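Visitor: Following this message is one structure expressed as structure tokens.
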Amino acid sequence: MPATSHPTTRRPWVFPVAGWAAFVLAAIAAGMYAESPMREIIGAGRVAPRLPAPATDVSALLYQLGVGSVTWFAAAVALPFLAWVARRIDLDRQRNRAIAIVVMLLVALVLASGTAEYLLTFPSGMRPPVIAYVPMVMRLHFLPWAAVLGGVAVFEARRRARVAAIERERLRAEAAEQRLVALSSQLQPHFLFNTLQGISTLIHRDPQAADDMLTRLSDLLRDVLRNRDRTRVPLSDETRYARTYLEIAQIRFGPRLSFAIDVPDDLQRAPVPLFLLQPLIENALKHGAGAQIRGGHVAVRAVRHGDRLHLTVEDDGPGFASAPMERVGLGNTRERLRAAFPDDHHISLGAPDSGAGAVVRIDIPWQEDAGEQPA
Amino acid sequence: MSVTQSMRAVVVDDEPLVRERISALVRETSQLELVGQAENGLEALNLISTLQPDLLFIDVEMPELSGFGVVAAIEGDHVPGVVFVTAFEHYALRAFDVGAIDYLHKPVTPQRFAAAVERARQRLQQGSATQRRALVEGAALAERERGTRTRYVVRRGKVHYFVPVDQIDWIDSAENYLQLHVGDRAHLARGTLKEAEEELDPARFARIHRSTIVAIDRVQSVRRHESGVHLVQLRTGANLRSSRQYAERVRRLLR
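Top to bottom, those sequences are chains A and B.
One point on numbering: in our numbering, the residue at position 349 of the first sequence is 349, and numbering is uninterrupted.
One point on numbering: in our numbering, the residue at position 112 of the second sequence is 1112, and numbering is uninterrupted.
Here's what the structure looks like:
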């Protein structure tokens, strides 16, 4: 995962302050234009912009700030609605539609507040012709509304950046946790120590066998360390790991353990979540051969059905019915499947077709050779 | 046991390589004599009752009957000193609470093994019978902490066997023993009803009397007898009486 993008939260006050300043400036500008609409229209018909005279008293200043303008009042009322609209605009997928929405909103707002002011400000007998009023509306209403929409857009963009940064952090933390969970479900200490005990025994009797076991343990450890930075690996990695793990277990348990791994070559490159099989195999071992004096058998299988990949891990232990608590151990597997294929996976527990025992069936989408992507 | 006499040891582990290593260490130690090896808990109990060893090197994590379970099932006056062998840190710590002589971490080193043997030599010279019984009680407690019981160990003569919990119809007690009723047979297992109530799954077993526990799915009918007392009939034909103290529990059986 690229770790270079820093969320833009270093100076969080810059945008709100700038937005507010822009808002105030827009208000002052609007107020200046709005200084004396009556005189403009009723008087000599001057419609060109002009600088206002300096305010001479408080009420004139307030007027210049646009306090009396219908626009600002309407803006205050419309703000929650505008924020609501802004939140729903999907810029990534619907850019054109977003632009259309903003233009239509602007036109609608200018028309609405312009019409309202036209009707409210002028007594019915004294209304100027609409054609003379339009330029004034453009200046008195268009600018403030554009400023308001701009302000809303700025705040929305800030909010989105913040949400995205939080989401990015969350995903990163989640991915890290997934890997940690995957790793911690890996090579439990007792497995390691039992294996070391085995090696320590063999050294005295059969140095070659001890060497073999040590090599397998090294393979296992190398796999754990090499895969540390990824969340998905090719199925071949998982089967190799499973095989090494079971081979070591077989040396430890002796004839009490047998196993079979059936994964066709053409499925080996399919991407699967890292260490997906491992906890299942450990469970199968623990509740099969590990829990029965007579020993047990573990079977791992992969089958492709069209665009689905079916993985099963099976043991001939007492099964789930007699020990429902064992399901708890599958929490990690479920979590990892959910992270890898959010709405596109299925996991079920049951009894194997052959009769007694426990089987975990996993159904995930088949993907050709996408297993090399980094986490 | 005199100082000069060697300690007779039994080694128990389900993994052949571990058994082999510890047995080798026992053979190499002049103070020890290897008298037996067992690969599961039942074999271990059979060896203990026939050989009466002084010292037991026993794995905690074994199929069907754990090391704690083995020690908890030891009957009679002769209780060997116990050294637990484990790959689990938390069991090692628990082993000391239980009253074991020592525990050995896997992989077991000769130095650590020798230290355990030395501790055993000292302890076995001064240990009292009460201490030994305390070890059995401690192991039973540790075993209860590991989860719901799924089987009882029963002894007939010097042979031990399992009675799976789901075969039991009902249980009553006699002194420090439980009578496990399976069909028309009864098996004697060490334990009290209070312990049984704690270690059996409450969804499957209910206590209906100070001296009776029934398997809920074996109950055929429950009839009111007198105020607060019910007659519980099992499918096997057994008729049991509940007591007032457990009336509420019996009423829940009716639902």
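Each residue gets a CB set at the ideal place from its N, CA and C atoms; glycine is no exception.
Computed from a predicted structure; not experimentally measured.
Return the Cβ separation of V1214/B and V1229/B in integer angstroms, given the expectation that the two are a contact with Cβ distance under 8 angstroms.
Guide: Against the second sequence, residue 1214/B aligns to sequence position 214. Against the second sequence, residue 1229/B aligns to sequence position 229. Contact doesn't hold; Cβ gap of about 15 angstroms is too wide.
Visitor: Taking the C-alpha atoms as reference points, what is the distance between G371/A and R93/A?
Guide: In the first sequence, counting from the first residue as 1, residue 371/A sits at position 371. In the first sequence, counting from the first residue as 1, residue 93/A sits at position 93. Bear in mind that a pLDDT of 43 at G371/A, under 50, signals an unreliable position, so the model cannot answer this.
Visitor: Please classify L187/A: is it buried, with 16 or more other beta-carbons within 10 angstroms of its beta-carbon, or exposed?
Guide: Residue 187/A sits at position 187 when you count from the first residue of the first sequence. With 16 or more Cβ atoms within 10 Å of its Cβ, L187/A is classed as buried.
Visitor: Could you check whether the Cβ of P1107/B sits closer than 9 angstroms to any Cβ belonging to chain A?
Guide: Within the second sequence, numbered from 1, the residue matching residue 1107/B stands at position 107. Taking Cβ atoms only, chain A reaches closer than 9 angstroms to P1107/B, which makes this a yes.
Visitor: Going along the segment 236-254 of chain A in order, which residues come within less than 9 angstroms of chain B, judged by CB to CB distance?
Guide: Answer set for the segment 236-254 of chain A: I251, R252, F253, G254.
Visitor: Taking 8 angstroms as the threshold, find out whether the segment 188-199 of chain A comes into contact with the segment 338-358 of chain A through three or more Cβ pairs.
Guide: Too few Cβ pairs lie closer than 8 angstroms, so no.
Visitor: Is the segment 1151-1169 of chain B in contact with the segment 1125-1142 of chain B, if contact means three or more CB pairs nearer than 8 angstroms?
Guide: Output reads no: the segment 1125-1142 of chain B does not touch the segment 1151-1169 of chain B.
Visitor: Looking at the C-beta of G198/A, does it have a partner C-beta in chain B at a distance below 9 angstroms?
Guide: By one-based count along the first sequence, residue 198/A stands at place 198. Closer than 9 angstroms to some Cβ of chain B, the Cβ of G198/A qualifies, so yes.
Visitor: Does the contact criterion of 3 or more C-beta pairs under 8 angstroms hold for the segment 149-157 of chain A versus the segment 123-134 of chain A?
Guide: Touching, no, given that fewer than three Cβ pairs across the two stretches are closer than 8 angstroms.
Visitor: Give every residue of the same chain whose Cβ lies closer than 8 angstroms to the Cβ of I281/A, excluding the five residues on either side of it in the sequence, and list them in chain order.
Guide: Counted from its first residue, the first sequence places residue 281/A at position 281. Cβ neighbours of I281/A beyond the five flanking positions: A242, Y245, L246, V298, V300, V313.
Visitor: If you draw a straight line from the C-alpha of P1016/B to the C-alpha of R1241/B, how long is it?
Guide: Taking the first residue of the second sequence as position 1, residue 1016/B is located at position 16. Taking the first residue of the second sequence as position 1, residue 1241/B is located at position 241. C-alpha separation (whole angstroms): 50 angstroms.
Visitor: Report the residues of the segment 1025-1040 of chain B with a CB closer than 9 angstroms to any CB of chain A, ordered along the chain.
Guide: Residues E1039, N1040.
Visitor: On the premise that P1080/B lies in contact with L1045/B, defined as a C-beta separation below 8 angstroms, what is that separation, rounded to the nearest angstrom?
Guide: By one-based count along the second sequence, residue 1045/B stands at place 45. By one-based count along the second sequence, residue 1080/B stands at place 80. Not confirmed; about 11 angstroms, so no contact.
Visitor: Using only CA atoms, which one of L202/A, L235/A, D316/A lies nearest to V303/A?
Guide: The residue labelled residue 303/A in the question sits at position 303 within the first sequence. Taking only the C-alpha atoms, the option nearest V303/A is L235/A.
Visitor: Using beta-carbon positions only, say whether R1207/B and T1236/B come within less than 9 angstroms of one another.
Guide: For the purposes of this step, residue 1207/B is taken as the residue at position 207 of the second sequence. For the purposes of this step, residue 1236/B is taken as the residue at position 236 of the second sequence. No, these two residues do not count as a Cβ contact at 9 angstroms.
Visitor: Is the beta carbon of A1140/B sitting closer than 9 angstroms to the one on S1173/B?
Guide: Sequence index remark: in the second sequence, residue 1140/B carries index 140 (1-based). Sequence index remark: in the second sequence, residue 1173/B carries index 173 (1-based). For A1140/B and S1173/B, no; Cβs fall outside 9 angstroms.
Visitor: Taking Cβ positions, are R1146/B and S1066/B nearer each other than 9 angstroms?
Guide: For the purposes of this step, residue 1146/B is taken as the residue at position 146 of the second sequence. For the purposes of this step, residue 1066/B is taken as the residue at position 66 of the second sequence. Against a cut-off of 9 angstroms, the Cβ pair of S1066/B and R1146/B comes out as a contact.
Visitor: How long is the line joining the alpha carbons of L1254/B and S1211/B, rounded to whole angstroms?
Guide: Indexing the second sequence from 1 puts residue 1254/B at position 254. Indexing the second sequence from 1 puts residue 1211/B at position 211. Roughly 20 angstroms between the two C-alpha positions.
Visitor: Where do the N-terminal and C-terminal ends of the alpha helix (DSSP H) with M213/A fall, by residue?
Guide: Translated into positions along the first sequence, residue 213/A becomes position 213. 207-226 is the span of the alpha helix (DSSP H), which, as asked, contains M213/A.
Visitor: Taking the straight line between their C-alpha atoms, what separation do you get for A356/A and D316/A?
Guide: One-based indexing of the first sequence puts residue 356/A at position 356. One-based indexing of the first sequence puts residue 316/A at position 316. Each residue's alpha carbon lies about 6 angstroms from the other.
Visitor: To the nearest angstrom, how far is the alpha carbon of G1076/B from that of Y1177/B?
Guide: For the purposes of this step, residue 1076/B is taken as the residue at position 76 of the second sequence. For the purposes of this step, residue 1177/B is taken as the residue at position 177 of the second sequence. Between G1076/B and Y1177/B, the C-alpha separation is close to 12 angstroms.
Visitor: Under DSSP, the alpha helix (DSSP H) around I1048/B begins and ends at which residues?
Guide: The sequence position of residue 1048/B within the second sequence is 48, counting from 1. Per DSSP, I1048/B belongs to the alpha helix (DSSP H) from 1041-1051.
Visitor: Work out the CA separation of I364/A and F341/A for me, nearest whole Å.
Guide: The count along the first sequence starts at 1 and reaches residue 341/A at position 341. The count along the first sequence starts at 1 and reaches residue 364/A at position 364. For F341/A and I364/A, the distance between alpha carbons rounds to 7 angstroms.
Visitor: For a contact meaning CB atoms closer than 8 angstroms, what does A164/A contact in chain B?
Guide: For this step, residue 164/A is matched to residue 164 along the first sequence. Chain B residues near A164/A: none, gap ~43 angstroms exceeds 8 angstroms.
Visitor: Here's the rule I'm using: 16 or more other beta-carbon atoms within 10 Å means buried, otherwise exposed. How should E1043/B be labelled?
Guide: The sequence position of residue 1043/B within the second sequence is 43, counting from 1. Buried.
Visitor: With respect to the beta strand (DSSP E) encompassing D90/A, which residues constitute its N-terminal and C-terminal limits?
Guide: Taking the first sequence and counting its residues from 1, the one referred to as residue 90/A is at position 90. First-last for D90/A: undefined, no H or E at that position.
Visitor: Quick check: the segment 252-268 of chain A against the segment 286-295 of chain A, are at least 3 beta-carbon pairs closer than 8 angstroms?
Guide: As far as the Cβ criterion goes, the segment 286-295 of chain A touches the segment 252-268 of chain A, which means the pair count is three or higher.
Visitor: Taking the DSSP output, what are the residues bridged to T312/A?
Guide: As a working mapping, residue 312/A is identified with position 312 in the first sequence. Bridge partners of T312/A: R301/A, R361/A.
Visitor: Determine the chain B residues that contact N283/A at a beta-carbon separation under 9 angstroms, and present them in chain order.
Guide: Residue mapping note: residue 283/A aligns to position 283 of the first sequence, counting from 1. Within chain B, no residue comes near N283/A; the closest Cβ sits about 15 angstroms away, beyond 9 angstroms.
Visitor: Can you tell me where the alpha helix (DSSP H) holding M136/A begins and where it ends?
Guide: Numbered from 1 along the first sequence, position 136 holds the residue referred to as residue 136/A. M136/A -> alpha helix (DSSP H) spans 130-137.
Visitor: Can at least three beta-carbon pairs, one atom from the segment 1014-1033 of chain B and one from the segment 1098-1113 of chain B, be found at a separation below 8 angstroms?
Guide: At 8 angstroms Cβ cutoff, the stretches touch.
Visitor: Are at least three pairs of beta-carbons, each pair with one atom in the segment 223-234 of chain A and one in the segment 207-215 of chain A, less than 8 angstroms apart?
Guide: Judged by Cβ distances under 8 angstroms, the segment 223-234 of chain A makes no contact with the segment 207-215 of chain A, as fewer than three pairs qualify.
Visitor: Buried or exposed: L119/A, going by 16 or more other Cβ atoms within 10 Å of its Cβ?
Guide: Within the first sequence, numbered from 1, the residue matching residue 119/A stands at position 119. Classification for L119/A: exposed.
Visitor: In chain order, what are the residue ranges of uninterrupted beta strand (DSSP E) at least 3 long that sit wholly in the segment 1152-1219 of chain B?
Guide: Listed in chain order, they are 1159-1164, 1170-1174, 1177-1182, 1185-1190, 1205-1209, 1212-1215.
Visitor: Check the Cβ-Cβ distances between H297/A and every residue of chain B, and say whether any is below 9 angstroms.
Guide: Residue 297/A sits at position 297 when you count from the first residue of the first sequence. Chain B, which has no Cβ nearer than 9 angstroms to the Cβ of H297/A, makes this no.
Visitor: Cβ of R1073/B within 9 angstroms of Cβ of F1084/B?
Guide: Residue 1073/B sits at position 73 when you count from the first residue of the second sequence. Residue 1084/B sits at position 84 when you count from the first residue of the second sequence. For the sequence presented, residue 1073/B should be read as Ala rather than Arg. No, they are not a contact pair.
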